[in-house]
Every structure is written in C-alpha cells, then in structure tokens.
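J.: Protein chains in written order, with our numbering: chain X, 376 to 531; chain F, 376 to 531; chain Z, 376 to 531.
C-beta atoms are modelled at their ideal positions from N, C-alpha and C, and glycine is treated no differently.
One structure is given below, represented as structure tokens, and several questions about it will come after.
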Amino acid sequence: MADIESRLGELGLILPTAPTPAGSYVPAIRTGSYVYTAGQLPFVDGQLPATGKVGEHHDLIEPAAAQAMAATCVLNALAAARSVLGSLDDVVRVVKVTGFVASHPDFTGQPGVLNGASELLGEIFGEAGRHARSAVGVAVLPLDSPVEVELVLEVA
Amino acid sequence: MADIESRLGELGLILPTAPTPAGSYVPAIRTGSYVYTAGQLPFVDGQLPATGKVGEHHDLIEPAAAQAMAATCVLNALAAARSVLGSLDDVVRVVKVTGFVASHPDFTGQPGVLNGASELLGEIFGEAGRHARSAVGVAVLPLDSPVEVELVLEVA
Amino acid sequence: MADIESRLGELGLILPTAPTPAGSYVPAIRTGSYVYTAGQLPFVDGQLPATGKVGEHHDLIEPAAAQAMAATCVLNALAAARSVLGSLDDVVRVVKVTGFVASHPDFTGQPGVLNGASELLGEIFGEAGRHARSAVGVAVLPLDSPVEVELVLEVA
Numbered sequence: 376m377a378d379i380e381s382r383l384g385e386l387g388l389i390l391p392t393a394p395t396p397a398g399s400y401v402p403a404i405r406t407g408s409y410v411y412t413a414g415q416l417p418f419v420d421g422q423l424p425a426t427g428k429v430g431e432h433h434d435l436i437e438p439a440a441a442q443a444m445a446a447t448c449v450l451n452a453l454a455a456a457r458s459v460l461g462s463l464d465d466v467v468r469v470v471k472v473t474g475f476v477a478s479h480p481d482f483t484g485q486p487g488v489l490n491g492a493s494e495l496l497g498e499i500f501g502e503a504g505r506h507a508r509s510a511v512g513v514a515v516l517p518l519d520s521p522v523e524v525e526l527v528l529e530v531a
Numbered sequence: 376m377a378d379i380e381s382r383l384g385e386l387g388l389i390l391p392t393a394p395t396p397a398g399s400y401v402p403a404i405r406t407g408s409y410v411y412t413a414g415q416l417p418f419v420d421g422q423l424p425a426t427g428k429v430g431e432h433h434d435l436i437e438p439a440a441a442q443a444m445a446a447t448c449v450l451n452a453l454a455a456a457r458s459v460l461g462s463l464d465d466v467v468r469v470v471k472v473t474g475f476v477a478s479h480p481d482f483t484g485q486p487g488v489l490n491g492a493s494e495l496l497g498e499i500f501g502e503a504g505r506h507a508r509s510a511v512g513v514a515v516l517p518l519d520s521p522v523e524v525e526l527v528l529e530v531a
Numbered sequence: 376m377a378d379i380e381s382r383l384g385e386l387g388l389i390l391p392t393a394p395t396p397a398g399s400y401v402p403a404i405r406t407g408s409y410v411y412t413a414g415q416l417p418f419v420d421g422q423l424p425a426t427g428k429v430g431e432h433h434d435l436i437e438p439a440a441a442q443a444m445a446a447t448c449v450l451n452a453l454a455a456a457r458s459v460l461g462s463l464d465d466v467v468r469v470v471k472v473t474g475f476v477a478s479h480p481d482f483t484g485q486p487g488v489l490n491g492a493s494e495l496l497g498e499i500f501g502e503a504g505r506h507a508r509s510a511v512g513v514a515v516l517p518l519d520s521p522v523e524v525e526l527v528l529e530v531a
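Written as structure tokens, this is what we have:
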C-alpha cells in the first residue's frame, strides 16, 4: 500500500474538503475496485479563479493559467475520492484522466493544459500515477469554467 | 435486489423499446458487473422533440426544455440497459452519468440541464441512484440533438 | 480466445507501433479485466493526415475523410492496447467507444464519422467487436485533429 497521504504532506499539498457538486449528484462513487469522480472544476475556497475560454488571444484565459487550474481540478478530484475511501493510501493506480478544456476554436494546446493534471498525479503517485488520458476542447463548461477533469482510480 | 420495475410503475413511467442506434453499435453492453449504455439522444417515438443549441437567447432551446430532454435520455438509457439485463431489478447502483449539452458558447447552465437526468435517477433508484457525474457543453451533437446522456451501471 | 492477430493479417492490417502520447501520460492502462486506451488521434507515421473542423462546407474536412481518420484512430488504439497486452488475442470484447469529432456547429453527422471506427472493430473482432458508443461534436481537438477516439476493452 503506498503511503500517499504522507506523500501529500511531503509535497506541501493540502486537499480541500470534498467539493460540493454543482447539481443532483455526488462527488465520487466507489464501485468494486474502482472510484469514479465527478467532473471537477478548479474551485478554490468555493470560487473559480477565473472564467472564460482558453486560448492565445489577449481576452482569453492563458494556457499556463489553465494548466494550473487543471492541477487544482486534480486536488479536488482527490478530495472527492478521499471522501468515499477514507484515505488515499487505498489508491492502487490512477486508471484514466478525462479533461475538458473550454477552448477558443483556434486553440489546439489541450494536451499542454492537461499536463497540469497529469504531472501532479505523477508527483503524488509516482509509477502508480501513470494513466491513460483523453483531452478535448469543448465549447463551454459549467459556470464558464475554463477546465474540467474527471478521474477513474483503481483502489484496494 | 431492489424492485425497480415496480417502482417505474408507481412513478407512471413506461420505458420505450430500446432505441435503435444511430450507427454501427449496440444500445448497451454488459461486461462483468457493469452495463455501459451508448450515448442516448432524447428520442420520443423515434423523433427528437427539438433540435438546436441550448441557451438563453430566443432562437435557442430553453434550458427547461433541455432539462426535460435529459430525463428522456435517461429513460432511453434504462431501456437500453434493460435490453441486455432483462430486468432493471438487477441494477445495484448507478455509477456514472456523463452528459453532453449542445451549447451556445454563452450558456453555462449545463449542471441544471443534467439535473433532469440525475433527479429522475434519484426518483427511480433512491439511494442506489446517487452517481458521479460530468456535464460539459459541446459545439454540436448527432442529428443536432440538444442533449446526449450515457450511463455506467453496476449490476448483479 | 479469438485469433485476432491472425485476423488482422487476413484483413491486411498492420498496426503501427504504439503512438507516443501528446502529453504526460501513457497510451493505455490495464486494470483488472479491462484496458483503457488514451484518446487516440489519427496519426500516420507521426503525422496527422489533415487538420481542421469537420463539416459540409468547402473549407472543412469532408465527413468521408473524417470517417477514414476514425478508422485510423482505432488502429492506433489497438496498437496502444497491444503495447500493454502483448497480443490482441487477449481481447474478450470491445466494451465502449467514445468518439470526439471537431465539428463546425452546423455539422450533425458525427455518427457517420464514428462508423469508420465501429465498422473496423466489427471487421476485426466480429461479434466481440459490438460495443456501446458515444459520439459528440466538439469545438476543437488537440493539434487541430479532426477526430479523437478512445476505447475500453474487456481482456482475458
């Protein structure tokens, strides 16, 4: 069993309380050896740090800012998973990351944005954090969030 | 085993026959303890009740109408699941709802639209209907449908 | 156990080497009896055959071309699966296909595009290739790819 909770401390990461869903659902579900998280927005203390579409133009969310928000989505997803697991030490591996980036139609750098999620999972879980991933650019996300990330985790 | 088939009757809900896929695939697949449904459109008697993008402007699909269509997608998804299960009494829990809303780029109320799906699952399955959910706003959906919903179910 | 590797030969299909991910993730993950592939772009020898949005207008990617690219995505997804399985003979069934089509907002033929993926899976796997599927039209995809496809496979 990996000591993921200690690892969070070493990295100076403090998970938020599990986010309140934006609708009639729950933050995460355990089923058999898996946890599915809801799609997570980059809430910090209940607020989105920015809203809008991601792209290179001056009135859009900069890709680097969106990348940081993808990492925040992961922290919220892990908080959601912990809320059903008790401890993240029960995570065997990260299976799948699906990331949606609210994108200006000219913006094609979704993989770079999602690296903010993937690299944080690598720092926290090491080899067990390696995952399959899909990244897509969508027209708009709930509450005009620039990024939304969901996880599938294998658990003990 | 929950008596879901009776519950449908109490709620006055009649599932349609399993929808005909819009392409070379099947309405639902059972694998191990899970059923994955195909993405469901809000067909009623083989017709979409409306087409277009969802939003607040006068030429768009109203969010309340889209919310009702999300519930119709759930009925179609349950019909698809029943077609491989025989009876919905075999459903142990709803695991995941993924909802796509064809959205005007200004429309950020996807969670409200998807509540039409989530709340109906709650009415039908009670506690076992609580699920993780992702809602995203996409550019366009097959046949210009305003909404598409897919389910993952845990089954006995 | 199906003899899928021989079947590929009969069809004259040669899988590429597993595609290099566009970010900090892996092409596929095995977990229990399942393989999840990453979202696959239609790379051929490391290049996208075309970029842009799919639609009927003259400056867009033609639906027939996008349909062929969806088949290429499947070949890349199967190469990714083989990289973690060793042999595709271990595939018990295709469970789920999720397909994203970078779409002009007027283009509603995503099911036809994804039939390029579904029909190839049928040719390769026969009955075991029948799958649930979701097809959506998104604003833009990584590297301006017209199509992205991911698979969930049940494996022995």
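Extract the residue ranges of the alpha helix (DSSP H) inside the stretch 406 to 465 of chain Z, only unbroken runs of 4 or more that lie entirely within it.
T.: Taking only runs of at least 4 residues, the alpha helix (DSSP H) segments lying wholly in the stretch 406 to 465 of chain Z are 438 to 460.
J.: Indicate whether residue 523 (chain Z) and residue 516 (chain Z) have their beta-carbon atoms separated by less than 8 Å.
T.: Yes, the Cβ-Cβ distance between residue 523 (chain Z) and residue 516 (chain Z) is below 8 Å.
J.: Compile a chain-ordered list of the residues in the stretch 494 to 516 of chain F whose CB is closer than 9 Å to at least one CB of chain X.
T.: Listed by position along the chain: 494, 496, 497, 505, 506, 507, 508, 509, 510, 511, 512, 513, 514, 515.
J.: Would you list, in chain order, the members of the stretch 390 to 402 of chain Z that have their beta-carbon closer than 9 Å to a beta-carbon of chain X?
T.: Hits within the stretch, in order: 396, 397, 398, 399, 400, 401, 402.
J.: Output needed for residue 403 (chain F): all residues of its chain with C-beta closer than 7 Å, excluding positions within five of it in sequence on either side, in chain order.
T.: Closer than 7 Å at Cβ, skipping near neighbours: 410, 411, 412, 413, 455, 456, 458, 459.
J.: What's the C-alpha gap between residue 510 (chain X) and residue 420 (chain F)?
T.: Distance between the alpha carbons of residue 510 (chain X) and residue 420 (chain F): 35 Å.
J.: Would a C-beta distance cut-off of 8 Å place residue 449 (chain F) and residue 521 (chain F) closer than the cut-off?
T.: Against a cut-off of 8 Å, the Cβ pair of residue 521 (chain F) and residue 449 (chain F) comes out as no contact.
J.: Please list, in chain order, the residues of the stretch 463 to 496 of chain F that have any C-beta partner in chain Z closer than 9 Å.
T.: Listed in sequence order: 473, 475, 477, 480.
J.: Could you check where the beta strand (DSSP E) with residue 397 (chain Z) kicks off and where it finishes?
T.: Taken as a continuous stretch (DSSP letters only), residue 397 (chain Z) belongs to no beta strand (DSSP E), as it is neither H nor E.
J.: To the nearest angstrom, how far is the alpha carbon of residue 436 (chain X) from that of residue 425 (chain X)?
T.: Distance between the alpha carbons of residue 436 (chain X) and residue 425 (chain X) is about 8 Å.
J.: What is the C-beta distance between residue 476 (chain F) and residue 507 (chain F), in whole angstroms, given that I count them as a contact (C-beta under 8 Å)?
T.: The pair is not a contact, with the Cβ atoms about 17 Å apart (cut-off 8 Å).
J.: Assign residue 387 (chain X) to one of three DSSP states: helix, strand, or coil.
T.: Looking at residue 387 (chain X) - three-state DSSP - the assignment turns out to be coil, as it is neither helix nor strand.
J.: Per DSSP, which residues does residue 380 (chain F) bridge with? Please list them.
T.: In DSSP, residue 380 (chain F) forms no bridge with anything.
J.: Where does the unbroken beta strand (DSSP E) through residue 530 (chain X) begin, and where does it stop?
T.: Segment 522 to 530, the beta strand (DSSP E) holding residue 530 (chain X).
J.: Between the C-alpha atoms of residue 431 (chain F) and residue 474 (chain Z), what's the straight-line distance to the nearest angstrom?
T.: Whole-angstrom Cα-Cα distance: 28 Å.
J.: Thinking just about the alpha-carbon of each residue, which of F:472, F:530, F:513 is nearest to the one in residue 465 (chain F)?
T.: That would be F:530, whose Cα lies nearest to the Cα of residue 465 (chain F).
J.: In chain X, what lies closer than 8 Å to residue 525 (chain Z) by C-beta?
T.: Simply 507, 509.
J.: Please classify residue 433 (chain Z) as buried or exposed, where buried requires at least 16 other C-beta atoms within 10 Å of its C-beta.
T.: With fewer than 16 other Cβ atoms within 10 Å, it is exposed.
J.: In chain Z, which residues lie less than 7 Å from residue 412 (chain F) when you measure between Cβ atoms?
T.: Per Cβ cutoff of 7 Å: 507.
J.: Would you check if the distance between the CB atom of residue 512 (chain Z) and the CB atom of residue 478 (chain Z) is smaller than 8 Å?
T.: Yes, the Cβ-Cβ distance between residue 512 (chain Z) and residue 478 (chain Z) is below 8 Å.
J.: Determine, using beta carbons only, whether residue 529 (chain X) comes closer than 8 Å to chain Z.
T.: Chain Z contact via Cβ: present.
J.: For the stretch 437 to 463 of chain Z, enumerate the residues whose C-beta is nearer than 8 Å to any C-beta of chain F, in chain order.
T.: Flagged: no residues at all.
J.: Can you pull the chain B residues whose beta carbon is under 7 Å from the beta carbon of residue 420 (chain F), in chain order?
T.: The displayed structure is made up of protein chains X, F and Z, and chain B is not among them.
J.: Using three-state DSSP, classify residue 500 (chain F) as helix, strand or coil.
T.: Here residue 500 (chain F) sits in helix by DSSP.
J.: Should residue 499 (chain F) be labelled buried (16 or more other beta-carbon atoms within 10 Å of its own) or exposed?
T.: Label assigned to residue 499 (chain F): buried.
J.: Mind pulling the chain F residues with CB within less than 7 Å of residue 408 (chain Z)?
T.: Chain F residues near residue 408 (chain Z): 407.
J.: Which residues bound the beta strand (DSSP E) around residue 505 (chain F)?
T.: Where residue 505 (chain F) is concerned, there is no enclosing beta strand (DSSP E), given that its DSSP letter is neither H nor E.
J.: If contacts are defined as beta-carbon pairs under 8 Å, then residue 391 (chain F) and residue 451 (chain F) qualify, I think. What distance do you get, rounded to the angstrom?
T.: About 6 Å separates the two Cβ atoms, so the contact holds.
J.: Return the Cβ separation of residue 446 (chain Z) and residue 504 (chain Z) in integer angstroms, given the expectation that the two are a contact with Cβ distance under 8 Å.
T.: So it is not a contact: roughly 13 Å between Cβ atoms.
J.: Which residues in the same chain have their Cβ closer than 7 Å to the Cβ of residue 427 (chain Z), if we skip the five residues on either side of it in sequence?
T.: These residues qualify, in order along the chain: 435, 436, 519, 521.
J.: Out of curiosity, what's the CA-to-CA distance linking residue 383 (chain X) and residue 389 (chain X)?
T.: C-alpha separation (whole angstroms): 7 Å.
J.: Residue 386 (chain F): buried (16+ other C-beta within 10 angstroms of its C-beta) or exposed?
T.: Looking at its Cβ environment, which holds fewer than 16 other Cβ atoms inside 10 Å, residue 386 (chain F) is exposed.
J.: List the residues of chain F whose Cβ lies closer than 8 Å to the Cβ of residue 519 (chain X), in chain order.
T.: Here the neighbours are 483.
J.: Rounded to the nearest angstrom, what separates residue 527 (chain X) and residue 472 (chain X) at their Cα positions?
T.: Each residue's alpha carbon lies about 7 Å from the other.
J.: DSSP on residue 401 (chain X), reduced to helix/strand/coil?
T.: Coil at residue 401 (chain X), not helix or strand.
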